[in-house]
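In what follows, a structure is listed as structure tokens, so that the remarks can point back to it.
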Amino acid sequence: RPHVVTQLAPGARMAKPPRCGRHPGEELVFLSVVQQGLVCRECVLSGGHAMADCVSVEEAGQQAGLDLRALLEAVEAKAGKVKDSQAELHGVSHQIGGDYARSVQQLEERAGEMLETIEARQREDER
272 RPHVVTQLAP GARMAKPPRC GRHPGEELVF LSVVQQGLVC RECVLSGGHA
322 MADCVSVEEA GQQAGLDLRA LLEAVEAKAG KVKDSQAELH GVSHQIGGDY
372 ARSVQQLEER AGEMLETIEA RQREDER
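Written out as structure tokens, the structure reads:
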């Protein structure tokens, strides 16, 4: 009879360790990395799974925790960079708004000066 790989739903927790379908007295204490399922000690020892392809459930859980912490740290670092970029963008946007307002004011002043010059020349020409 072939060995049995027990699949668990992601995030599933059990009240007690599941038992092997092929070896009823054996708890499923290893994770088959290749098949991503739980296997018992007897399935590993009988050659159903290569030992190199299996890790203990505890070790797999510890590694998953380390991996999740590393991912969380990476996400937090990216979130910090996004926040910094948003603050920088806000500052640049504020600066552009100020530059625009000053440019409009300068253009209006220059247009007024030019209009005064034109009107003065027109008055001179009319004399």
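The sequence shown: position 56 = 327 (the numbering used here), numbered continuously. Each residue gets a CB set at the ideal place from its N, CA and C atoms; glycine is no exception. No experiment lies behind these values; they were computed from the predicted model shown.
With a cutoff of 8 angstroms on beta-carbon distance, Ser327 and Phe301 are scored as near each other.
In the DSSP assignment, Gly308 forms a beta bridge with Ser303. In the DSSP assignment, Ser327 falls within the unbroken beta strand (DSSP E) covering 325-327.
The DSSP-derived three-state label of Arg290 is strand. The DSSP-derived three-state label of Glu384 is helix. With a cutoff of 8 angstroms on beta-carbon distance, Cys325 and Cys291 are scored as not near each other. For the options Val304, Arg312, Leu343, Lys349, the alpha carbon positioned closest to that of Arg293 is the one of Arg312.
Glu359 is bridged by DSSP to nothing; it lacks a bridge partner.
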